[in-house]
Amino acid sequence: MLIQPIDYFLVIWFVLAAVSTAYVAWDQYRNNPEPTVMKWGFILVTVYTGPLGLLLYVLADKEPRPGEHERFIEPVWKQGVGSTIHCVAGDATGIILAAAITATLGLPMWIDLIVEYGTGFTFGLLIFQSLFMKSMMGGTYWQNVRKTVLPEFISMNFMMAGMAPVMCFLMMGRDMRAMEPTELLFWGVMSLGVMAGFATAYPANVWMVLRRLKHGLMTDRRGGSRSDVDAQKQSSHESGERGAHERHGKRTREQGGGATAGGHHMESDATSAQLAAVGSVSFLALVLGMVAPANWVNLHLSARDVGGAIMPPGMIMDRDTPAEAMRDMAAVDPRDVVATYGLDIHGGRALAPRIEDGVKVFDLETAVIRWTILPGVTVDAYGFNSQVPGPQLRFRQGDRVRINVTNRLPESTTVHWHGLILPNVMDGPAHITQEPIENGAVYHYEFTAVQSGTYLYHSHDHVDRQQALGLYGAMIIDPAETDPSIEADHDYPVLLQEWLLREGLTYPAMPMDGAMPNYFTINGRAYPATDTVRMRVGETLKIRFIGSSNGFIHPMHIHGGPFEVVAVDGITLQPSTRYQADTVNVGPGQRYDVIWTAREPGKWLIHCHIGHHTTNNNVEMQGGGGLMMLIEVGSV
Ligand SMILES: [Cu+2]
């Protein structure tokens, strides 16, 4: 599935690459007078570089009109292209094959790079360079391998110097789907890497062609004629006439039987000092290209470690950012979403228990859902029973309660019953009191409610990620004996949350670089999509503020006069310790039960007093956004 704009671009790119390759292959075999190995060089490079490969082919190699190939390919820049093509065809094939294999094996990136260099060098040397040379020069295969080691070394070094940084920075950049050979992005990065490698290898190839260390392009006519530019120049000198491609062609054929002395004497005029200098610089470039990225990205990680994570824009990722941190902060994969819910579906709906042998049984199931927080704005959330917040669990003090938790997330989870006195093994922290619930598994939590009041439940595995993505819900325990002094005409829980939604992807919001939230919800909705409580003058409203949010404190304020704080963290305050306030700081995990009296008719606000938390993506809509809701009071 395509989940980012770049994916659509890549589809178009690869269609163009396929068309370009088909054309180059067709034209090479149908029209172009060239040795087979060179035909394949252009075909492969066009596979990797798409329309750019086609461009190079048409501008530098494709015979413009019958009989013109020999003269057409003469310019040095074209010879340089040809030389780079047969280097890149082999090297890139080796590098890309190695990258796909090492990624699948889950090897760390720094090992990938070394394996890629080795494979690229081997492919280039043993396949393209040596075969190419052999077809040009004759001689045995191994003689040619020996002869081409140095040119291949220089060319491959420069090629990798260009390709390695592209791979490191893009594969381990924001969108690490680029690490996965199953993703288009991986192949896109490979293509871009080959283009960079081509560009960095090109100057050295031009030099090597000039110094006759390498061959560039050449002509191979059907019926035995064969020449390259060197041979042609020679023959032109001899005959005083150019373009006679048939004339000297037979020579190379004739000496093909193993003679080491080639028909056109490929002898380089490069001095040892020049070779040493170019070789050294190429090696330095290689080292720089392979090592420098380690200053910025963590090359110890493998494709498997990062699992195709897409990181939030602005997250600081450096050379020692652990893979676990990346996975926790990564976007929810839209491909994991199993269902989409609109504004007509509310979160925190009361879940009726079934009674089994006197036990109140609740079933909770986690899943990845698309949840609407505003008209036209959805988050990819982790939900209990496909809602955000999870369903409200309500039971009575003294009840025996069993909660079956089934996990359908792409990762393990657990549930913690926040604030409750219960057996340790039922408490929920992953790896501390229980093994995490893996995907598809069920865990049975069972306890007797000894307390009463306002509580919450939430994930206690990868908490920073899972709770931030929606795994929380209210747990309301009614006292065994009702206490009229803490009851009100209306009862409304307020579960707070922060969200980070960018470019269509949902990241767990956290108080850290790059993860700061831009949407805020009360009961899974941002204002103006939040509920409105309707009541009449003289009536009372019990608001249960629940700090289900993951990393931020919200000073929750109610307009229209003070309220009375009657319970804190589920504990009912003695009448003498209850107090009046108009704002309570609701921190993560905290609960405040407050009773507000409707004194005057009108629209009264409940909102967070941090201005930014009452905006939607920094925009105020209809007077606000985010953590805001209305109490609409009618006259008596
Ligand atoms: Cu706030």
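Take the sequence shown: its letter number 312 is residue 313 in my numbering, and every next letter is one higher. Using N, Cα and C, we set each Cβ at its ideal position, and we do this for glycine too. This structure is a prediction, so every number in the text was calculated from the model and none was measured.
Residue side-chain check: H555 places its Cβ nearer than 7 Å to a non-hydrogen atom of ligand 1.
A Cβ-Cβ distance of about 23 Å is found for the pair V406 and W500, leaving them out of contact under the 8 Å criterion. Taking C-beta atoms under 8 Å as the contact rule, I374 and A530 qualify, at a distance of about 7 Å. Distance check between D514 and each of M330, K604, H461 places M330 closest, using alpha-carbon atoms only. Per DSSP, P6 is one residue of the alpha helix (DSSP H) stretching across 6–31.
Rounded to whole angstroms, the gap between the alpha carbons of G348 and V389 is 5 Å.
In the DSSP assignment, Q581 falls within the beta strand (DSSP E) that extends over 580–582. Fully enclosed beta strand (DSSP E) runs of no fewer than 3 residues occupy 473–479, 491–503, 506–508 of the region 456–508, in order along the chain. The C-beta distance from T455 to I554 rounds to 18 Å, too long to meet the 8 Å contact threshold. In the same chain as P354, and ignoring 5 residues on each side of it, the C-beta atoms closer than 6 Å to its own belong to K361, V362, F363, in chain order. Taking C-beta separations shorter than 6 Å and ignoring five residues to either side along the sequence, the partners of G83 in its chain run G217, L218, following chain order. Beta-bridge partners assigned by DSSP to I632: V534, W605. Taking the Cβ atoms as the reference, P76 lies roughly 19 Å from D221, outside the contact range of under 8 Å. In the DSSP annotation of this structure, A332 is not part of any beta strand (DSSP E), being labelled neither H nor E. DSSP places R72 in the helix class (H, G or I) of the three-state scheme.
In the three-state reduction of the DSSP assignment, Q435 falls in the strand class, which pools E and B. The alpha-carbon of V534 is positioned some 21 Å away from that of L352. Rounded to whole angstroms, the gap between the alpha carbons of V378 and G626 is 13 Å. Distance from the CA of T120 to the CA of M180, rounded to the nearest whole angstrom, comes to 18 Å. Between I7 and A326, the alpha-carbon positions lie close to 25 Å from each other. In this structure, the straight-line span from the alpha carbon of M316 to that of G107 is close to 24 Å.
A residue is called buried when at least 16 other Cβ atoms come within 10 angstroms of its Cβ; L506 meets this threshold and is buried. By the Cβ neighbour-count rule, T141 is exposed, with fewer than 16 other Cβ atoms within 10 Å of its own. Look at I438: its beta carbon is at least 7 Å from all of the heavy atoms in ligand 1.
A straight line joining the alpha-carbon of L628 with that of L497 spans about 8 Å.
M219: member of the beta strand (DSSP E) spanning 219–222, first to last residue.
Distances from the alpha-carbon of G174 to those of G603, V89, T522, G308 put G308 closest. Per DSSP, the continuous alpha helix (DSSP H) segment holding Y142 begins and ends at 142–172. Here Q388 is bridged, per DSSP, to F385. Taken in chain order, the complete alpha helix (DSSP H) segments of 4 residues or longer contained in the region 39–66 are 52–57.
Per the coordinates, the alpha-carbon of P494 lies some 13 Å from the alpha-carbon of G391. When secondary structure is reduced to three states using DSSP, E325 falls in the helix class. The beta carbons of T47 and L55 sit closer together than 8 Å. Every alpha helix (DSSP H) of 4 residues or more that sits fully in the region 86–131 is shown, in chain order, as 110–124.
Not one heavy atom of ligand 1 lies closer than 7 Å to the C-beta of I544. When the Cα atoms are used, Y473 and D462 turn out to be separated by approximately 12 Å.
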